[in-house]
Every structure is written in structure tokens, then in C-alpha cells.
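Residue numbering for the sequence shown follows full-length UniProt numbering, beginning at 1 and increasing consecutively.
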Amino acid sequence: MASVTAVRGSRRKRMSPAGSRLVPYVFVAPFVVLFIVFLIAPIGVAIANSLFSQQAAGLGFGGVERVFVGLDNYVRALQDHEFVVGFGRVLLYGVVQIPVMMIVAAALALLFDTGLVRGSRFFQFAVFLPYAVPGVIAALLWGFLYQPSVSPLVGGLSALGIDADFLAPGMVLWSIANVATWSTVGINMIILFAALQGVPREMYEAARIDGAGELRIALSIKIPMIAPAVLLTTLSSIIGTLQLFNEPQVLKSITSNIPSDYTPNMAVYAASTLDRNPNLASAMAVVLGLATLVVSVVVLRLTRRRNGVSDGV
């Protein structure tokens, strides 16, 4: 019996030390390839395109030639009044929309975490469901509700003597914010609720024994314990705000109060398609990407400094 076991063991192929060291790289390789192809390469192409310009050759009869212009496209982008105004518009949008969305998401997560809501699974699914609706479909749905001629919402408010125009110049930005909030509260609520499930329940019991109420437990224990999840959802919301595109682009078709360069992302799209200037569009895209990176890093640093964390980020 021992000889049979020895024979079987000798037949087994043993991986060499060099081969075993290659195994982690084999598993990581697909991610690295996809990361380079779908992220690094497009960024490199955009930066390269932003340094050139298409100019007519031979008094317009010699076709178009690609000319190196250095940082001229970046200067044009930063001197574009509507592009800069678009940044201010989305910053105002984010200052209001992100806190409102986070407060609603956190309140719902804390409410479901108490276990006092009957049928909480159903309500969690109902809150999460709008996130599953594609952004274009959500914008079309709310566009129907905003349009005075067909909206039951506007008609109902009119019956109550309230003259509501959700697409008016002073209201359209907040109508867009409402669509985004409706779509994103659910996923952020789920992330925060999942983080709350990882907090030890013994901490709550100890706080109750000390006389703390549910509000005090939520503010002093639950929210500080899920600070990393709050930071994650806040950063993703900031990035989404600076990249705002779907909602205003769809609503633009039903109102004249949303121009083609209403947000920075829309300005990039307009420069590429309407103005047919892909080089300027590339420069705008790089500026937008850098702005997103800077804002995200600043928020991350401020948050970690407030929490007493320093890691060189």
C-alpha cells in the first residue's frame, strides 16, 4: 500500500518555485490589461489630442492638417465663459444636492437599522429601485412630470392654486438635482446600511444602559463608526456631480432654459459634436478630469484631517 502511495505521489506534478511566483501576476494580468486599455490609454489619447489643432492648409483648398499648438487649447478652454460658468453651476448644484441626498440616505439607513420598520426589506427595495432605472429613462420620466402641458403633478398643484414651473430658469437646476437625488439615494442608503450592519450591537446596548436615547446613539456611535462609508459615498457623489450629463442633456429637449453647454461635460460634448473641434473638447475633458481629481483629494484630505488621520494622500 505504501508503494502505491509513493508511486501516486511521484506522478503528481509539482510547481516550481519560479512558477508559483508567477501565479499572482497571472490573476492580476486581466485587470491590468483592461485598466490600461479602458482608462490609461483613453487618458493618454485625450492629452495627446489636446496638444494639437486641425487647421486648413493651402488657403482652405489643401485639406486639413494637424498642427501642434501646445497649451493653446487649454487657454481657449479656460477662457470659454460658458465652460467656466458651467463649473460654477455644478459646484452650486453639488453644495446643495450632495448634503440633501446624504442626509436622506443616512436617515433612511439609520431608520432601517433600528429594526422598528415592519417590512423593511420591501421598503429598502422600493428606495433602491430608482437606482436600477437608467439615467436617461429617469430623466425622461421626470421630464414628463415637469412638462406643464402633460404633467399630472403640475396639474394637481395648479388645482391647489400653486403655479409651479419646474423648468423655469431659476428652477431647472434644482429640477435636475431632484432627478439625481431620486436616482442615487437608494444606492447610498444601501451602502450606509451595510456599514451599519457591521457595527457591534454590544455598543448600542452599553449606550442604552448608560441612558442614551436612539438619537444620541445614532449621532455619537453609529455615524462615527460608518465614517469610511460616508466618505466613500460623498466622494462618489462629488465625482458624479462634476460629470453631470444625462439629466440636463435629456431635459434640454423639452426646455430652452438648458443650453448645450449647461454643464462642463455637456460643453465637452458640444465642442466635439456641434463645433466639431475634438482637440478643444479633449482639452476641456482633461481640465474637467483634473478638477474632479483636485476636488476629490481636497475633500479626502479635509475629512481625514478632521478625523485625525494622516497618511500622505
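Ideal placement from N, C-alpha and C gives every residue a C-beta, glycine not left out. The model shown is predicted, which means the values in this text are computed figures rather than measured ones.
* For the region 178 to 198 against the region 99 to 112, are there 3 or more C-beta pairs whose distance is under 8 Å? -> Proximity of the region 178 to 198 to the region 99 to 112 meets the contact definition, three or more beta-carbon pairs being nearer than 8 Å.
* Asked: On the premise that L293 lies in contact with N73, defined as a C-beta separation below 8 Å, what is that separation, rounded to the nearest angstrom?
  -> Within the sequence shown, numbered from 1, the residue matching residue 73 stands at position 73. Within the sequence shown, numbered from 1, the residue matching residue 293 stands at position 293. Between L293 and N73 the Cβ distance is about 19 Å, and since that is not below 8 Å, they are no contact.
* Supposed close pair I176, L108 - CB separation, criterion 8 Å -> Translated into the one-based positions of the sequence shown, residue 176 becomes position 176. Translated into the one-based positions of the sequence shown, residue 108 becomes position 108. With a Cβ gap of about 22 Å, I176 and L108 do not count as contacting.
* Separation of P148 from A164, as counted between CA atoms -> Numbered from its first residue, the sequence shown carries residue 164 at position 164. Numbered from its first residue, the sequence shown carries residue 148 at position 148. The alpha-carbon atoms of A164 and P148 are separated by roughly 8 Å.
* Asked: The beta strand (DSSP E) with Q55 in it runs from where to where?
  -> Walking along the sequence shown from the start, residue 55 turns up at place 55. Counting along the chain, the beta strand (DSSP E) containing Q55 begins and ends at F52 to A56.
* To do: Report the option in I254, P130, I40 and V26 whose CA atom is closest to the CA atom of V286.
  => Here residue 286 refers to the residue found at position 286 of the sequence shown. Nearest to V286 by C-alpha distance, out of I254, P130, I40 and V26, is I40.
* Alpha-carbon to alpha-carbon, G186 and G115 -> One-based indexing of the sequence shown puts residue 115 at position 115. One-based indexing of the sequence shown puts residue 186 at position 186. Rounded to whole angstroms, G115 to G186 spans 18 Å at the Cα level.
* To do: Scan the region 53 to 140 and note each continuous beta strand (DSSP E) run of 3 residues or more that stays entirely inside, going in chain order.
  => Taking 3 residues as the shortest admissible run, the region 53 to 140 contains the following complete beta strand (DSSP E) segments, listed from N- to C-terminal end: 64 to 68.
* To do: Output the distance between the C-alpha atoms of residue 323 and N246, rounded to the nearest integer angstrom.
  => With the chain covering only 1 through 313, there is no way to say anything about residue 323.
* **Under the three-state DSSP convention, the category F245 falls into** => Along the sequence shown, one-based indexing puts residue 245 at 245. The three-state secondary structure of F245, taken from DSSP, is coil.
* Asked: CB A227 to CB I217, shorter than 7 Å?
  -> Indexing the sequence shown from 1 puts residue 227 at position 227. Indexing the sequence shown from 1 puts residue 217 at position 217. It is not a contact, given that the beta carbons lie outside the stated cut-off.
* To do: Closer than 6 Å by C-beta to F166: which residues in its own chain qualify, once you throw out the five before and the five after it? Chain order, please.
  => Numbered from its first residue, the sequence shown carries residue 166 at position 166. Y146 and S175.
* To do: Quick one: measure Cβ to Cβ for S253 and N49, integer angstroms, because I've assumed they're closer than 8 Å.
  => Working through the sequence shown from its first residue, we reach residue 253 at position 253. Working through the sequence shown from its first residue, we reach residue 49 at position 49. The Cβ separation is near 29 Å, so there is no contact.
* Asked: How far does the alpha helix (DSSP H) with L153 in it reach, from first residue to last?
  -> For the purposes of this step, residue 153 is identified with residue 153 of the sequence shown, where counting begins at 1. Where L153 is concerned, the enclosing alpha helix (DSSP H) stretches over P152 to A159.
* Classify Q54 as buried or exposed, calling it buried when 16 or more other Cβ atoms lie within 10 Å of its own Cβ. => The residue given as residue 54 occupies position 54 in the sequence shown. It is exposed - the Cβ of Q54 has fewer than 16 other Cβ atoms within 10 Å.
* Check whether the region 230 to 239 touches the region 253 to 262, counting contact only when three or more Cβ pairs, one atom from each stretch, lie closer than 8 Å. => No, the region 230 to 239 does not touch the region 253 to 262.
* Contact belief for P278 with S272 at Cβ below 8 Å, rounded distance in angstroms -> Translated into positions along the sequence shown, residue 278 becomes position 278. Translated into positions along the sequence shown, residue 272 becomes position 272. About 5 Å separates the two Cβ atoms, so the contact holds.
* Quick one: Cα of V299 to Cα of P224, how far? -> Residue 299 sits at position 299 when you count from the first residue of the sequence shown. Residue 224 sits at position 224 when you count from the first residue of the sequence shown. If I take the Cα positions, the gap works out to 17 Å.
* **G211 to E205 span [Cα, whole Å]** => As a working mapping, residue 211 is identified with position 211 in the sequence shown. As a working mapping, residue 205 is identified with position 205 in the sequence shown. Roughly 10 Å separates the two Cα atoms.
* What is the rounded straight-line gap between the Cα of E82 and the Cα of F123? -> Taking the first residue of the sequence shown as position 1, residue 82 is located at position 82. Taking the first residue of the sequence shown as position 1, residue 123 is located at position 123. Roughly 42 Å separates the two Cα atoms.
* Roughly how many angstroms separate the alpha carbons of F38 and I258, rounded to a whole number? -> As a working mapping, residue 38 is identified with position 38 in the sequence shown. As a working mapping, residue 258 is identified with position 258 in the sequence shown. Looking at the two C-alpha atoms, the distance is approximately 31 Å.
* F125: which of L110, L288, V172 and M189 sits nearest, CA to CA? -> The residue labelled residue 125 in the question sits at position 125 within the sequence shown. For F125, the nearest C-alpha among the options comes from M189.
* **Continuous alpha helix (DSSP H) assignments of at least 4 residues falling wholly in the region 214 to 241** => DSSP runs (the alpha helix (DSSP H)) wholly in the region 214 to 241: 214 to 217.
* Asked: Cα separation between M203 and S220?
  -> Position 203 of the sequence shown holds residue 203. Position 220 of the sequence shown holds residue 220. Taking the straight line joining both Cα atoms gives about 11 Å.
* **Rounded separation between G44 and G289 - CA only** => Stepping through the sequence shown from its first residue, residue 44 is reached at position 44. Stepping through the sequence shown from its first residue, residue 289 is reached at position 289. When rounded, the distance between both Cα atoms is 12 Å.
* To do: Give me the Cα-Cα distance between L129 and A77, rounded to the nearest whole angstrom.
  => If you number the sequence shown from 1, residue 129 lands on position 129. If you number the sequence shown from 1, residue 77 lands on position 77. Distance between the alpha carbons of L129 and A77: 39 Å.
* Asked: On the three-state DSSP scale, how would you describe P42?
  -> In the sequence shown, counting from the first residue as 1, residue 42 sits at position 42. Reduced to three states, the DSSP call for P42 is helix.
* Report the residue from L302, V297 and L244 whose alpha carbon sits nearest the alpha carbon of G88. => Indexing the sequence shown from 1 puts residue 88 at position 88. With distances taken between Cα atoms, G88 lies closest to L244.
* Decide if D261 is buried, meaning its Cβ has at least 16 other Cβ atoms within 10 Å, or exposed. => Here residue 261 is taken as the residue at index 261 of the sequence shown, counted from 1. With 16 or more other Cβ atoms within 10 Å, it is buried.
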